[in-house]
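Only one structure is covered here, and it is reproduced in the block below.
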Amino acid sequence: MPKKIQICMGSSCFARGNNKNLDAIMRYIKDNGLEAEVEISGLRCCNQCANGPNIAIEGVEYHNVDTGTIIDILDKTFKE
3 MPKKIQICMG
13 SSCFARGNNK
23 NLDAIMRYIK
33 DNGLEAEVEI
43 SGLRCCNQCA
53 NGPNIAIEGV
63 EYHNVDTGTI
73 IDILDKTFKE
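Residue numbers for the sequence shown follow the working numbering, beginning at 3 and rising by one.
Next up, the structure:
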């Protein structure tokens with residue numbers, strides 16, 4: 003069963019960097035051959051705008067995510 007990654011695409015999170023986070027996630031998935039193991043979807047708003055950018059992986063919410071932190075999160079999720 004694929005792991006679910008949900009990315010808040012609300013205007014606040016998108017403007018604060020989730021557009022870059024999405025690019026980093028897509029690149030990570032491709033570089034690590036994980037296309038069959040991941041399901042990505044967007045969210046309209048997580049109602050956590052003040053804590054954004056927000057991303058959820060397998061139901062675990064991550065706040066204030068940037069491109070450096072997302073790589074650490076993905077490594078933890080897929081390499082452990």
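By construction, the Cβ of each residue, glycine as well, lies at the ideal position given by its N, Cα and C atoms.
Extent of the continuous beta strand (DSSP E) run through residue i
i: Ala26; result: Unbroken run through Ala26 is the alpha helix (DSSP H), 21–33; no beta strand (DSSP E).
i: Leu45; result: 40–45
i: Glu63; result: 62–64
i: Gln8; result: 5–10
i: Ala58; result: 57–59
Proximity below 8 Å, CB of residue i to CB of residue j
i: Lys5; j: Thr79; result: yes
i: Ile73; j: Gly44; result: no
i: Asn23; j: Val67; result: yes
i: Met11; j: Asn20; result: yes
Chain-order list of residues whose beta-carbon lies under 7 Å from that of residue i (same chain, five-residue window excluded)
i: Arg18; result: Gly54, Pro55
i: Glu37; result: Ile31
i: Ala47; result: Reading the sequence as shown, one finds Cys at residue 47 and not Ala. Closer than 7 Å at Cβ, skipping near neighbours: Cys10, Gly12.
i: Glu60; result: Lys5, Lys6
Extent of the continuous alpha helix (DSSP H) run through residue i
i: Leu76; result: 69–81
Beta-carbon contacts of residue i that lie in its chain and below 6 Å, excluding the five residues immediately before and after
i: Ala58; result: Gln8
i: Cys15; result: Gly54, Pro55, Asn56
i: Ile42; result: Ile7
Neighbourhood of residue i by C-beta distance below 8 Å, restricted to the same chain and skipping five residues each side
i: Ala26; result: Thr69, Ile72, Ile73
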